[in-house]
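Below is one structure; the comments refer to it alone.
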Amino acid sequence: MNALLAAVAVLGVSASGPLMAATTAPALAIAFWRNAAASAVLAPVTLLRRRDELAALSARGRRLAVVAGVMLALHFATWVGSLKLTSVAAATALVTTQLVWVLLIDRLRGRSVPLQAGLGCAVAIAGVLVVSGFDFTVSTRALVGDALAVAGGLFAALYLVAGSAVRTELSTTAYTAVCYSVCSAALLVAVVVGGVPLVGFSARDWLLIAGVTVAAQFLGHSIINHLLAVMSPTVVSLMLLLEVPLAALLAGAFLDQSPHAGVWVGLGLILMGLVLVVTRRSPREPVLAEPPLVD
Numbered sequence: 037m038n039a040l041l042a043a044v045a046v047l048g049v050s051a052s053g054p055l056m057a058a059t060t061a062p063a064l065a066i067a068f069w070r071n072a073a074a075s076a077v078l079a080p081v082t083l084l085r086r087r088d089e090l091a092a093l094s095a096r097g098r099r100l101a102v103v104a105g106v107m108l109a110l111h112f113a114t115w116v117g118s119l120k121l122t123s124v125a126a127a128t129a130l131v132t133t134q135l136v137w138v139l140l141i142d143r144l145r146g147r148s149v150p151l152q153a154g155l156g157c158a159v160a161i162a163g164v165l166v167v168s169g170f171d172f173t174v175s176t177r178a179l180v181g182d183a184l185a186v187a188g189g190l191f192a193a194l195y196l197v198a199g200s201a202v203r204t205e206l207s208t209t210a211y212t213a214v215c216y217s218v219c220s221a222a223l224l225v226a227v228v229v230g231g232v233p234l235v236g237f238s239a240r241d242w243l244l245i246a247g248v249t250v251a252a253q254f255l256g257h258s259i260i261n262h263l264l265a266v267m268s269p270t271v272v273s274l275m276l277l278l279e280v281p282l283a284a285l286l287a288g289a290f291l292d293q294s295p296h297a298g299v300w301v302g303l304g305l306i307l308m309g310l311v312l313v314v315t316r317r318s319p320r321e322p323v324l325a326e327p328p329l330v331d
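In case it helps, my numbering puts the sequence shown at residues 37 to 331.
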């Protein structure tokens with residue numbers, strides 16, 4: 037049963053990139069609606085069943101929860117934006133460098149990094165340079181999309197780091213509800229300031245946004261949260277790396293996106309580096325504590 041659930045979860049998160057790339061609605065609107073829909077489901081449940089947890093949350097926990105939610109908003113804004121500019125394959129692979137960013141942030145905080153993990157970071161960064169180098173020959177637009185995807189990985193890492201402390205005080209349900217709510221509020225501010233429309237889309241776009249919400253936000257991430265209770269974080273993290281080739285295959289089949297052959301070399305290096313990082317990551321550190329970061 038867990039193997040079946042894992043397959044459903046990976047397919048769910050893998051479909052998010054192609055679905056969002058196929059949507060003609062603005063990136064900020066897509067990011068807002070998928071988080072707002074999840075908040076509308078989770079917030080009432082949390083207020084009814086987890087109110088005591090929220091009341092007991094420390095002042096530091098509240099501050100970090102807000103920071104985590106804002107970082108999550110920045111992650112979605114940059115990553116969904118990247119899908120509009122570069123290929124799904126490149127955007128999905130580059131945003132998974134969040135694991136590399138987490139290690140670099142830990143190093144800045146004075147924590148040691150195992151040699152194999154450091155080597156994995158170097159290999160993954162080389163992959164990023166390869167992908168970006170080939171995309172530069174395609175267009176400046178693709179290169180900007182690559183940069184946004186890498187930024188999305190950085191914001192995802194900051195979300196994980198900020199949220200790791202909050203997770204010691206809140207359950208998964210309560211923490212996810214708080215983060216999605218803060219994320220939705222931050223995205224709404226960005227939408228209003230930027231004058232981005234939230235309505236007036238075609239029926240096809242609304243169906244695609246609903247598909248993203250169901251596939252990635254509920255099926256994908258909800259199942260992954262369950263699997264984290266019955267599988268090791270390393271196994272789950274390695275499993276989620278399958279999102280990169282699967283998303284590329286889905287984009288090739290349904291969006292007719294065929295990245296340059298050289299891009300596949302870069303994607304391979306990124307995956308190789310991330311495998312080295314994950315398999316040598318210290319078990320005391322959170323790996324994909326809340327998987328929304330990958331999509």
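For glycine and all other residues, C-beta sits at the position ideal for the given N, C-alpha and C. Fair warning: this is a prediction, and the values are worked out from it, not measured in the lab.
{"Check": "Assigned exposure category for Gln-152 - 16 Cβ within 10 Å defines buried", "Outcome": "exposed"}
{"Check": "Gly-181 and Thr-132 closer than 8 Å at C-beta", "Outcome": "no"}
{"Check": "Secondary structure of Pro-80, DSSP reduced to three states", "Outcome": "helix"}
{"Check": "Beta-carbon proximity list for Leu-286, same chain, < 7 Å, skipping 5 on both sides", "Outcome": "Ser-50, Ala-51 and Pro-54"}
{"Check": "Boundaries (first-last residue) of the alpha helix (DSSP H) holding Val-149", "Outcome": "Element bounds for Val-149: n/a, residue is neither H nor E."}
{"Check": "Pairwise C-alpha distance: Phe-172 and Ala-79", "Outcome": "43 Å"}
{"Check": "Sufficient close CB pairs (3 or more, under 8 Å) joining the stretch 64-82 to the stretch 194-210", "Outcome": "yes"}
{"Check": "Of the listed residues Ala-239, Ala-45, Val-106 and Val-218, nearest to Ala-73 (C-alpha basis)", "Outcome": "Val-218"}
{"Check": "Validate contact between the stretch 97-114 and the stretch 152-166 using beta carbons, cut 8 Å, 3 pairs", "Outcome": "no"}
{"Check": "Pro-54, DSSP secondary structure in three states", "Outcome": "helix"}
{"Check": "CB contact flag (Val-166, Val-311, <8 Å)", "Outcome": "no"}
{"Check": "Contacts around Gly-247, its chain only, beta-carbon distance under 8 Å, and the 5 residues preceding and following it disregarded", "Outcome": "Ala-51 and Leu-55"}
{"Check": "Assigned exposure category for Asn-38 - 16 Cβ within 10 Å defines buried", "Outcome": "exposed"}
{"Check": "Contact between the stretch 288-298 and the stretch 250-258 (3+ Cβ pairs under 8 Å)", "Outcome": "no"}
{"Check": "Short Cβ contact (8 Å threshold) for Met-259 with Val-103", "Outcome": "In the sequence on display, residue 259 carries Ile and not Met. No; because the gap between Cβ atoms is not below 8 Å, this pair is not in contact."}
{"Check": "Separation of Arg-316 from Gly-304, as counted between CA atoms", "Outcome": "19 Å"}
{"Check": "Sequence-distant residues of its chain with Cβ nearer than 7 Å to Leu-130 (five each side left out)", "Outcome": "Val-164, Val-167, Asp-182, Ala-185, Val-186 and Gly-189"}
{"Check": "Pair within 8 Å by beta-carbon distance, Val-266 and Ala-65", "Outcome": "no"}
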